[in-house]
Each structure stands twice: as C-alpha cells, then as structure tokens.
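**Student:** Quick one: the structure is below, and I'll ask about it shortly.
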Amino acid sequence: RPLESHEVIVNLIANTTTTTGLKVQGQLDTNPYPAGIKVSDTELAAVQLERSDFHGDWNYVIRPHS
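If you want it as structure tokens, here you go:
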C-alpha cells in the first residue's frame with residue numbers, strides 16, 4: 008500500500024506486531040519544531056549509539072548515559 012498520507016503511515020505502524028508478540032503504537036506528532044539546530048561533534052560523540060549487525064544504518068539502540 009503506498010504511503011500516501013500521514014494517516015496511512017500511522018495506521019501501518021499501529022497495526023504492526025512482531026513474531027514475539029510485541030505491539031507497536033504510533034501517533035502523528037503535529038507540534039512545530041525549530042529547524043536548523045546544530046549538534047556539535049562533542050555532543051554527537053557522547054551519544055551511545057549501538058548499531059545492529061543487520062542494516063546498522065536503520066537498526067540501532069541509543070543507550071542512556073550511565
């Protein structure tokens with residue numbers, strides 16, 4: 008099904024389940040957010056990003072600071 012509207016995308020996400028039974032929820036966030044915010048190299052280096060072996064560009068975990 009083509010992703011032709013926000014409603015279609017949110018409904019597809021909301022109806023997703025995994026083989027282990029995990030249910031996924033989604034809703035459209037219509038709040039305005041400022042554009043052009045810059046993240047420094049230092050701030051980015053502090054993000055604890057753990058990439059998956061499979062499609063690490065898409066699948067990753069961001070670990071909290073301990």
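Each residue of the sequence shown is one higher than the one before, counting from 8 in my numbering. For each residue, glycine too, the CB sits at the ideal point set by N, CA and C.
(1) Please classify T24: does DSSP put it in a helix, a strand, or coil?
(2) Suppose the cutoff is 6 Å on Cβ atoms and the five residues either side in sequence are ignored; what does the same chain contact list for L10 look like?
(3) Between which two residues does the alpha helix (DSSP H) holding L51 run?
(4) Look at Q55 and I69 and say whether their C-beta atoms are less than 8 Å apart.
(5) Check whether the Cβ atoms of S73 and N66 sit closer than 8 Å, and answer yes or no.
**Tutor:** So, from the listed chains and residues:
(1) Taking the first residue of the sequence shown as position 1, residue 24 is located at position 17. Strand.
(2) Numbered from its first residue, the sequence shown carries residue 10 at position 3. Counting only Cβ-Cβ distances below 6 Å, and skipping sequence neighbours, we find I16.
(3) If you number the sequence shown from 1, residue 51 lands on position 44. It spans D48 to A52 - the alpha helix (DSSP H) in which L51 sits, taken as one unbroken run.
(4) Here residue 55 corresponds to residue number 48 of the sequence shown, with the count starting at 1. Here residue 69 corresponds to residue number 62 of the sequence shown, with the count starting at 1. Going by C-beta atoms, Q55 is nearer than 8 Å to I69.
(5) The count along the sequence shown starts at 1 and reaches residue 73 at position 66. The count along the sequence shown starts at 1 and reaches residue 66 at position 59. Cβ distance not < 8 Å, so S73 and N66 don't count as in contact.
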